[in-house]
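Everything below concerns the one structure shown next.
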Amino acid sequence: MSPLGETLRRARLSKGVTFEDAERVTRIPRKYLEALEVENYGILPAPVYARGFLRSYAGYLGLNPADLLPFFPVGHVEEPKLEPLPEMNEPRTWNMNGLIAMAVVGVLILLVIALYSVGREDSGGSFLSTPGGAGTNQGNNVIVPPEGAAAGPALALPELAGQSLQTAVDLVKATGASYVIVGLKQGDVPIDQVIDQSPPAGTAVQAGDTVTIVVSR
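Going by the working numbering, the first residue of the sequence shown is number 173, and it counts up by one from there.
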């Protein structure tokens with residue numbers, strides 16, 4: 173085995189931690205914790221989730237995830253593949269009802285844009301979308317600092333993987349950077365748990381930079 177699995181196993185045994193203890197604290201299924209220690213990468217989920225599991229488990233055992241990630245063979249984890257759909261060439265036809273429906277949709281879109289612009293001018297500030305708040309989109313949420321915010325000194329971005337969404341947001345806010353929340357469906361990962369980030373931990377960020385937070389939905 174490479175140093176990765178043996179390092180995780182020794183750290184767990186030295187702390188007297190069982191797989192049940194680690195599963196309860198990290199909320200990572202036991203089968204994935206065992207797979208990391210024996211380097212059975214074939215049963216791990218997609219690489220973005222597997223890397224998040226490794227970061228969380230290593231951090232829980234008091235190890236530096238950055239020292240172990242170079243030994244993680246991303247190529248051994250198979251990405252899910254979708255079969256291409258057969259191409260279907262159908263003649264394009266237009267009818268009066270379809271044209272009317274498209275016109276109505278276009279008018280509604282223009283109306284929404286106009287109302288949004290008026291609302292921004294009246295409020296005199298930037299629009300902030302917060303996770304979990306009213307009207308929050310379950311997809312990507314882009315958070316930007318208020319206009320005119322002064323850029324402070326660059327701060328090192330902390331490790332976000334394994335944290336709750338709210339904790340990760342608070343950590344990014346502390347650096348002054350903006351953030352984007354990307355939600356991905358993964359049945360084995362608790363909802364709103366961070367599974368990846370960009371840029372990686374340790375990168376210096378400040379106001380004007382954007383951090384991508386990938387969470388389980």
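Just so you know, even glycine gets a beta-carbon here, dropped at the ideal spot from N, CA and C.
Burial state of residue i, where buried means 16 or more other Cβ atoms lie within 10 Å
| i | result |
| --- | --- |
| L287 | exposed |
| A230 | buried |
| V383 | buried |
| I285 | exposed |
| L185 | exposed |
| E192 | exposed |
| T190 | exposed |
| V377 | buried |
| P237 | buried |
| V276 | exposed |
| R227 | buried |
| P325 | exposed |
| V279 | exposed |
| G234 | exposed |
| N273 | In the sequence on display, residue 273 carries Ala and not Asn. So A273 counts as exposed. |
| A346 | exposed |
| L271 | exposed |
| V386 | buried |
| L216 | buried |
Those residues which DSSP pairs with residue i across a bridge
| i | result |
| --- | --- |
| S289 | According to DSSP, which records beta bridges pairwise, S289 is partnered with nothing at all. |
| A328 | A376 |
| V387 | G355 and V366 |
Assumed close pair residue i, residue j - CB separation to whole angstroms, cut-off 8 Å
| i | j | result |
| --- | --- | --- |
| A379 | G348 | 4 Å |
| L356 | S336 | Their Cβ separation, rounded to whole angstroms, is 16 Å, which puts L356 and S336 out of contact at 8 Å. |
| A199 | P362 | The identity of residue 199 in the sequence shown is Arg, whereas the question assumes Ala. About 5 Å; that satisfies the 8 Å criterion. |
Any chain C beta carbon closer than 8 Å to residue i
| i | result |
| --- | --- |
| K187 | In the displayed structure, chain C is absent; only one protein chain is listed. |
The stretch 209-223 / the stretch 359-370 touching (three or more Cβ pairs under 8 Å) | yes
Can you list, in chain order, the stretches of the alpha helix (DSSP H) that have 4 or more residues and sit fully within the stretch 195-247?
-> 202-210, 219-232 and 237-240
For the stretch 332-385, which segments carrying the beta strand (DSSP E) assignment without a break, of at least 3 residues, lie completely within its bounds, in sequence order?
-> 350-356 and 366-370
Evaluate the contact criterion for the stretch 203-220 versus the stretch 177-194: three or more CB pairs, one atom per stretch, below 8 Å.
-> yes
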